[in-house]
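Asker: Let me give you the structure first, and then I'll get to my questions.
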């Protein structure tokens, strides 16, 4: 199967998602030519703002692989990933991303995430969301505890 | 309870997380002075690269509120949020964020996410991850289907 074929699977999931009351987004994760994860947007269905198609597909694939790393996988998504999904893609060590519709297309359908990308690339003082560090004595206690562990799994 | 008190709850969760085999991160979500969501890092425990403390706390609070929006809530986290969590915070419409340790502190403990922030602020051509648009005839079929829906929930 070609990139085009796998992308069509993601688009089909996006269409089925709308039929089932979800958002119009779908994604599949492919490992060595086989789909090992699928996801569609379930934000309003599950009341979960993190339930984007790509996130769902990553979780699905990781569950099946029993692994938090998908470094030999390609993600195909019906639409250009938002910053949350793109960062999750980096955390999952996915090797390559292919998308169909652009963020601009999504924006025309009422799904604009470009303001989030703009915010993330600004210093905190320039953002609309107030973010503040509050230093307390105990601030790094969990890191010290972690670093003292003998059997930790780094990731 | 003050910011400091709620932040301490997040730090306590981070410490408990290490005791229970999770990552050294914790977060709580507060609505009108009450904690309505809690999370700790479960990436390696659950084989879920999206299971950061802030994501878990957002999902927990949304589940309890039956709402995908937390616009009257403050998020307290033991460590500066990574770009995935920060974008999720925007999607959840959280009003304010308070953190204890910095991303630099996390990096010294082996948890570096600053490379992801740098990647996200670059054009695709400058990133280490290959991302490509593959245009197909069907690219916006799910958006057209969505826009034709009478009873859609915008978000």
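Residue numbers (our numbering), protein chains in the order written: chain A, 1 to 155; chain B, 1 to 155. We put the beta carbon where it would ideally sit given N, CA and C, even for glycine. The structure presented is a predicted model; accordingly, all values stated were derived computationally and were not measured.
Determine whether the Cβ of residue 36 of chain B lies closer than 7 Å to any Cβ atom of chain A.
Answerer: Within the second chain, residue 36 of chain B is the residue found at index 36, counting from 1. It does not; no Cβ of chain A falls within 7 Å.
Asker: Measuring alpha carbon to alpha carbon, tell me which of A:141, A:29 and A:39 ends up nearest residue 17 of chain A.
Answerer: Residue mapping note: residue 17 of chain A aligns to position 17 of the first chain, counting from 1. Selected option, being the one with the closest Cα: A:39.
Asker: Which of the three DSSP states is assigned to residue 70 of chain A in this structure?
Answerer: Position 70 of the first chain holds residue 70 of chain A. It is coil, neither helix nor strand.
Asker: In three-state terms, what does DSSP make of residue 76 of chain A?
Answerer: Position 76 of the first chain, counted from the first residue, corresponds to residue 76 of chain A. Of the three classes helix, strand and coil, the one that applies to residue 76 of chain A here is strand, per DSSP.
Asker: Does DSSP classify residue 100 of chain A as helix, strand or coil?
Answerer: Residue numbering aside, residue 100 of chain A sits at position 100 when the first chain is read from its first letter. Residue 100 of chain A falls in the strand class under three-state DSSP.
Asker: Under 7 Å between C-beta atoms, does residue 75 of chain A make it to chain B?
Answerer: Reading the first chain from its first residue, position 75 is the one you call residue 75 of chain A. False, the Cβ-Cβ gap to chain B never drops below 7 Å.
Asker: Would residue 71 of chain B and residue 93 of chain B qualify as a contact pair, given that the criterion is a beta-carbon distance under 7 Å?
Answerer: Within the second chain, the letter at position 71 stands for residue 71 of chain B. Within the second chain, the letter at position 93 stands for residue 93 of chain B. Their beta carbons are under 7 Å apart, which means residue 71 of chain B touches residue 93 of chain B by this criterion.
Asker: Name the chain A residues that come within less than 8 Å of residue 123 of chain B, Cβ to Cβ?
Answerer: Here residue 123 of chain B refers to the residue found at position 123 when the second chain is read from its first residue. Within chain A, no residue comes near residue 123 of chain B; the closest Cβ sits about 11 Å away, beyond 8 Å.
Asker: Quick check: what's the CA-CA separation for residue 130 of chain B versus residue 96 of chain A?
Answerer: Here residue 130 of chain B refers to the residue found at position 130 of the second chain. Here residue 96 of chain A refers to the residue found at position 96 of the first chain. Each residue's alpha carbon lies about 5 Å from the other.
Asker: How about residue 145 of chain A: is its C-beta nearer than 7 Å to some C-beta of chain B?
Answerer: Residue numbering aside, residue 145 of chain A sits at position 145 when the first chain is read from its first letter. Chain B contact via Cβ: present.
Asker: Of the residues A:65, A:46, A:102 and A:125, which one's Cα is nearest the Cα of residue 135 of chain B?
Answerer: Residue mapping note: residue 135 of chain B aligns to position 135 of the second chain, counting from 1. Closest option to residue 135 of chain B, Cα to Cα, is A:102.
Asker: Can you tell me whether residue 54 of chain A is buried or exposed, with buried defined as 16 or more other CB within 10 angstroms of its CB?
Answerer: Your numbering for residue 54 of chain A matches position 54 in the first chain. Buried, by the Cβ-count rule.
Asker: So what does DSSP say about residue 36 of chain A, is it helix, strand or coil?
Answerer: Along the first chain, read from residue 1 onward, the residue named residue 36 of chain A stands at position 36. Here residue 36 of chain A sits in strand by DSSP.
Asker: Checking 7 Å against the spacing of the C-beta atoms, do residue 98 of chain B and residue 132 of chain A come in under that value?
Answerer: Start at 1 with the first residue of the second chain, and residue 98 of chain B comes out as number 98. Start at 1 with the first residue of the first chain, and residue 132 of chain A comes out as number 132. Yes, Cβ-Cβ distance for residue 98 of chain B and residue 132 of chain A is below 7 Å.
Asker: Between the region 131-143 of chain A and chain B, which residues of the former have CB atoms less than 9 Å from a CB of the latter, in chain order?
Answerer: Listed in sequence order: 131, 132, 133, 134, 135, 136, 138, 139, 140, 141, 142 and 143.
Asker: Which one or two residues does DSSP pair with residue 116 of chain B in a beta bridge?
Answerer: For the purposes of this step, residue 116 of chain B is taken as residue 116 along the second chain, with counting starting at 1. Paired residues: none, contrary to the question.
Asker: Please classify residue 148 of chain A: is it buried, with 16 or more other beta-carbons within 10 angstroms of its beta-carbon, or exposed?
Answerer: Here residue 148 of chain A corresponds to residue number 148 of the first chain, with the count starting at 1. Exposed, because fewer than 16 other Cβ atoms sit within 10 Å of the Cβ of residue 148 of chain A.
Asker: Which same chain residues, not among the five before or five after residue 56 of chain A, have their C-beta less than 6 Å away from its C-beta?
Answerer: Along the first chain, read from residue 1 onward, the residue named residue 56 of chain A stands at position 56. The answer, listed in chain order, is 39.
Asker: Going by C-alpha to C-alpha distance, which of A:83, A:86, A:22 and A:8 sits closest to residue 155 of chain B?
Answerer: As a first step, residue 155 of chain B is located in the second chain; it is residue number 155 there, counting from the start. When each option's Cα is compared against that of residue 155 of chain B, the closest is A:22.
Asker: Which residues of chain A have a Cβ atom closer than 8 Å to the Cβ of residue 72 of chain B, listed in chain order?
Answerer: On the second chain, position 72 is the one that residue 72 of chain B refers to. Simply none; closest approach about 14 Å.
Asker: Looking only at its chain, what residues have a beta carbon closer than 7 Å to the beta carbon of residue 60 of chain A, apart from the 5 residues adjacent to it on each side?
Answerer: As a working mapping, residue 60 of chain A is identified with position 60 in the first chain. So the list reads 37, 38 and 39, once near-sequence residues are dropped.
Asker: What does residue 156 of chain B touch in chain A if you count any residue whose Cβ is under 8 Å from its own?
Answerer: Since the first residue of chain B shown is 1 and the last is 155, residue 156 of chain B is not available in this structure.
Asker: Please list, in chain order, the residues of the region 5-16 of chain B that have any C-beta partner in chain A closer than 8 Å.
Answerer: Result list: 7, 8, 11, 14 and 15.
Asker: In the structure shown, what three-state DSSP assignment does residue 94 of chain A receive?
Answerer: Counting from one through the first chain, the residue named residue 94 of chain A turns up at place 94. Of the three classes helix, strand and coil, the one that applies to residue 94 of chain A here is coil, per DSSP.
Asker: Who are the neighbours of residue 102 of chain A on chain B, taking C-beta pairs under 8 Å?
Answerer: For this step, residue 102 of chain A is matched to residue 102 along the first chain. By Cβ distance, chain B contributes 133.
Asker: Rounded C-beta distance between residue 66 of chain B and residue 41 of chain A? I'm assuming under 8 Å.
Answerer: Residue numbering aside, residue 66 of chain B sits at position 66 when the second chain is read from its first letter. Residue numbering aside, residue 41 of chain A sits at position 41 when the first chain is read from its first letter. About 18 Å; that fails the 8 Å criterion.
Asker: Looking at residue 58 of chain B: is its Cβ nearer than 7 Å to the Cβ of residue 88 of chain B?
Answerer: As a working mapping, residue 58 of chain B is identified with position 58 in the second chain. As a working mapping, residue 88 of chain B is identified with position 88 in the second chain. Their beta carbons are under 7 Å apart, which means residue 58 of chain B touches residue 88 of chain B by this criterion.
Asker: Which residue marks the beginning of the beta strand (DSSP E) containing residue 27 of chain B, and which one marks its end?
Answerer: Taking the second chain and counting its residues from 1, one reaches residue 27 of chain B at position 27. Counting along the chain, the beta strand (DSSP E) containing residue 27 of chain B begins and ends at 26-31.
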